[in-house]
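Protein chains in written order, with our numbering: chain E, 403 to 752; chain G, 3 to 133; chain Z, 2 to 427.
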């Protein structure tokens, strides 16, 4: 059988062009060349596969010219028509990891060519792309190259041949949220006893089923003096000024909005609406106070129950928005709220 | 009557328990029974029996009976979490409730009846504050 | 308590005019076994068959799998409170027939299930493809209620297993293993430096075909209690459930509970195996709270350092599992839990119906929704009529070439949650 055709993607550092100072190196393809880590991959491919071309691109160039770099590289890959695309491994290099994940996912998605990459589990690229492409779990530095290609090469061959892929523990990829059965060497009860002994001895052990991520936030202590407190409103219910001036997406929001409600006593059908696409908007559009209770807080302000209502509110749509994005939004506007001397926030959701 | 009511789409539960118990029978799907119970929990009823009772999975059996308190009070947070998880679980199983031979449905009804009866047996010896 | 287990290896099963065990071969008189099964007037007829590993045979719908045993010394008899009179078991001497099982089959409800394939891909998943199986298919008298039929088949299996076990009474075991636990005080004195560990076993207890019995008591009606780990080896716990057969414990699993055996392996070496705690998985939520409160309380009172918690079933028991784990951890006792998963056919769904950060050490028996194609086999013991209605199957299950497209759910013991198998998932 003919060897599988592999196109390999690496950055300027692994192509030995240079470090950070050469990170703006534009994408280029070297047909018929095996460069840097490609040597080790080739050794591990044996008779199964061969690298037919190597694409080199600087990390800054890729990330700063994302669309162009992506389009250029996709065209180069398409031209070579490989059986499988391999990016990296990127180890703990953040921008390289993101580039590997981005381009591997794009090759797979847009060209229909199977792709695989490798990086350290804490590389930001891992979290971003582990559910889209197989990412082999590597050590956190290039010292782990031998170990990395030992897993990367056979996985690339398997994916290239379209063979069934085993569980993450067998193949060495970062768990991607898809549960795959396989046979362990020991029965479950023995594994349980061993795990318990490790847990009792405070030694590291690996659970076979990590619980879904929990992000429990302990509530702050109650506001003592509400009558003098500055209260702000924040919502994931998508309330925006009529016309949605900042184009907050109806789902999977990429940003949040900050709007001034100085002098606004009531949100009306004419002035506010919701951008949220995940619930029936009729009642929120009719009266946005139902989601963002400006009217009631103005009353409370007047009655002296609260000190004042902060003149800015923050809003986004919670509909399908990534937890990471939500966290980033909040981290940013929380600083603004703090700087503005806000004592407490009412966070409404839908 | 007994401090609890049974939300069900199982005609056998209606026929066997309807006269002695507060049975709310509706001709709706398994999943809609769960959603009906969720709405009642939001209204302040307490969840008394586990919505995923039995080993026949959602979408495999069409029948489900669940006990909630007759009285309303503060929202039962634990019950709400359980029912939400149960509703989510429905999506995991391939729908085939309508693919059985007719004689099988009586057996599904019977199993659901015995499951809820085991809950009733527990409830009737524990007349404390939850219901 | 000290129990000596004598293992007698069975190499073959053959029908013969007289029942006996000779040179590792079990000879079975069909007539005598049938007479034992038919002692119950609710059973109209029983047919016997032998299925051997590697044969092109499919057994279905399986109700229970039982390893024959006989009590040769010490208090009580096998299956106390069910077959033998009530007496505390778990000490003295017991013989077990290894390498074989009595398998009961019979259609109790129309969506009945439980498949044991003796060869092919299915055989990799069910542990009972590796045993020589004496299969009894029980037909009930006409007009019988499902409850009565279930009980009749359950008891018939235990009677026949006991009858077979008795054949070994005068034999010399091929191998003997001694299992011994200490009293609380002895254990503390003998192993002052070893962590104190117990096994918390959750028992299926929800209703018809979802029940378990402890010394003959319906497990729904127990409060959590303590057993000596050797008691199960004499049949203190028996199965009355088989719906969604992949993660239900047949009586065979109770008799050979792998957590009990693997903790004994380490007893006195790396840990002190203090006791076996049993609890239930009732439908009524207040029962769950009480039972989990009690297991945690028992763990605390016994000054345990760690426990292994095993589950039985899906959905409802997920809540018990998490409650037990959370409350036991809150008492400062470390836990490892054993479960299986329902992650959907694509493996992408949330595996359990409940979750908690305290459950940070989990062993899994695999994803029960995984689809498997079972090829047509030459012989069916029981009937395929019901295969299309079992959990994890449907009318579309039977494919044109005679193969079955099913989920692992239907295979008896495939994703067992006591850690009986090597199957796992990541």
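Backbone N, C-alpha and C define an ideal beta-carbon position, used for all residues, glycine too. This structure is a prediction, so every number in the text was calculated from the model and none was measured.
At a CB distance below 8 angstroms, what residues from the segment 585 to 596 of chain E approach chain Z? Give them in sequence order.
Contacts with chain Z (Cβ-Cβ distance below 8 angstroms) from the segment 585 to 596 of chain E involve 585, 586, 587, 588, 589, 590, 591, 592, 593, 594, 595, listed in chain order.
Assigned exposure category for residue 118(Z) - 16 Cβ within 10 Å defines buried
buried
Specify whether the segment 446 to 455 of chain E and the segment 550 to 563 of chain E touch according to this definition: at least 3 beta carbon pairs, one from each stretch, less than 8 angstroms apart.
A contact exists between the segment 446 to 455 of chain E and the segment 550 to 563 of chain E.
State the DSSP-derived secondary structure class of residue 664(E), mapped to helix, strand or coil.
coil
Contact check, residue 233(Z) vs residue 256(Z) under 8 angstroms by CB: the rounded distance?
With a Cβ gap of about 7 angstroms, residue 233(Z) and residue 256(Z) count as contacting.
Where residue 443(E) sits in the DSSP three-state scheme
helix
At 3 residues or longer, what runs of the beta strand (DSSP E) sit wholly inside the segment 693 to 736 of chain E?
714 to 717
Chain E residues whose Cβ lies nearer than 9 angstroms to that of residue 242(Z):
Those within 9 angstroms of residue 242(Z) in chain E number zero; the least Cβ separation is about 20 angstroms.
Interface residues of chain G around residue 112(Z) at Cβ under 9 angstroms?
58, 62, 63, 102, 106, 109, 110, 113
Contact under 8 angstroms by Cβ, residue 491(E) with residue 526(E)
no
Taking any Cβ of chain Z, which residues in the segment 554 to 575 of chain E have a Cβ under 7 angstroms from it, in chain order?
From the segment 554 to 575 of chain E, only 569, 570, 571 have a Cβ closer than 7 angstroms to chain Z.
Short-range partners of chain E found in the segment 288 to 306 of chain Z, where Cβ spacing is below 7 angstroms
306
If you pair each beta-carbon of the segment 219 to 232 of chain Z with each one of the segment 90 to 105 of chain Z, do three or more pairs fall below 8 angstroms?
Touching, per the Cβ criterion.
For chain Z, is any of its Cβ atoms less than 8 angstroms away from the one on residue 94(G)?
Closer than 8 angstroms to some Cβ of chain Z, the Cβ of residue 94(G) qualifies, so yes.
The segment 26 to 36 of chain G / the segment 83 to 98 of chain G touching (three or more Cβ pairs under 8 angstroms):
Flag = yes, the segment 26 to 36 of chain G and the segment 83 to 98 of chain G touch.
Where residue 112(Z) sits in the DSSP three-state scheme
coil
Can at least three beta-carbon pairs, one atom from the segment 325 to 345 of chain Z and one from the segment 562 to 578 of chain E, be found at a separation below 8 angstroms?
no
Quick check on residue 738(E): buried or exposed, where buried means 16 or more other Cβ atoms within 10 Å of its Cβ?
exposed
Compare the C-beta of residue 609(E) against all C-beta atoms of chain Z and say whether one is closer than 8 angstroms.
yes
Could you tell me how far apart the beta carbons of residue 341(Z) and residue 377(Z) are, in whole angstroms, since I believe they sit closer than 8 angstroms?
Your pair residue 341(Z) and residue 377(Z) does not check out as a contact, with CB atoms roughly 27 angstroms apart and the cut at 8 angstroms.
From the DSSP output, which residues share a beta bridge with residue 412(E)?
458(E)
Quick one: which unbroken alpha helix (DSSP H) runs of 4-plus residues sit fully inside the segment 4 to 50 of chain Z? Chain order, please.
31 to 38
Could you tell me which whole alpha helix (DSSP H) segments of length 4 or greater appear in the segment 206 to 258 of chain Z?
252 to 256
Is it buried or exposed for residue 374(Z), if we count other Cβ within 10 angstroms and need 16 for buried?
In the assembly as shown, residue 374(Z) is an exposed residue. Its beta-carbon has fewer than 16 other beta-carbons within 10 Å.
Among 709(E), 543(E), 746(E), nearest to residue 385(E) - alpha-carbon criterion:
One cannot answer for residue 385(E) here, as it falls past the ends of chain E, which runs 403 to 752.
Shorter than 8 angstroms from the beta carbon of residue 337(Z) to some beta carbon of chain E?
yes
Could you pull the DSSP bridge partners for residue 95(Z) from this structure?
6(Z), 72(Z)
What would DSSP say about residue 110(G), mapped onto helix, strand or coil?
Residue 110(G): helix per DSSP, three-state reduction.
Test: residue 116(G) CB closer than 8 angstroms to a CB of chain Z
yes
Whole-angstrom distance between residue 433(E) and residue 475(E), CA atom to CA atom:
Each residue's Cα considered, the two are about 13 angstroms apart.
Residue 322(Z) lies in the beta strand (DSSP E); which residues open and close that run?
From DSSP, residue 322(Z) is part of no beta strand (DSSP E) but of the alpha helix (DSSP H) over 317 to 331.
Return the chain-ordered list of same chain residues with a C-beta closer than 6 angstroms to the C-beta of residue 437(E), the five sequence neighbours on each side being excluded.
417, 456
Listed by chain order, chain G residues near residue 285(Z) by CB distance under 7 angstroms:
Those within 7 angstroms of residue 285(Z) in chain G are 50, 51, 121, 124, 125.
Residue 711(E) and residue 633(E) - do their beta-carbons sit closer together than 8 angstroms?
yes
Buried versus exposed, by CB contacts within 10 Å (16 or more), residue 128(Z):
buried
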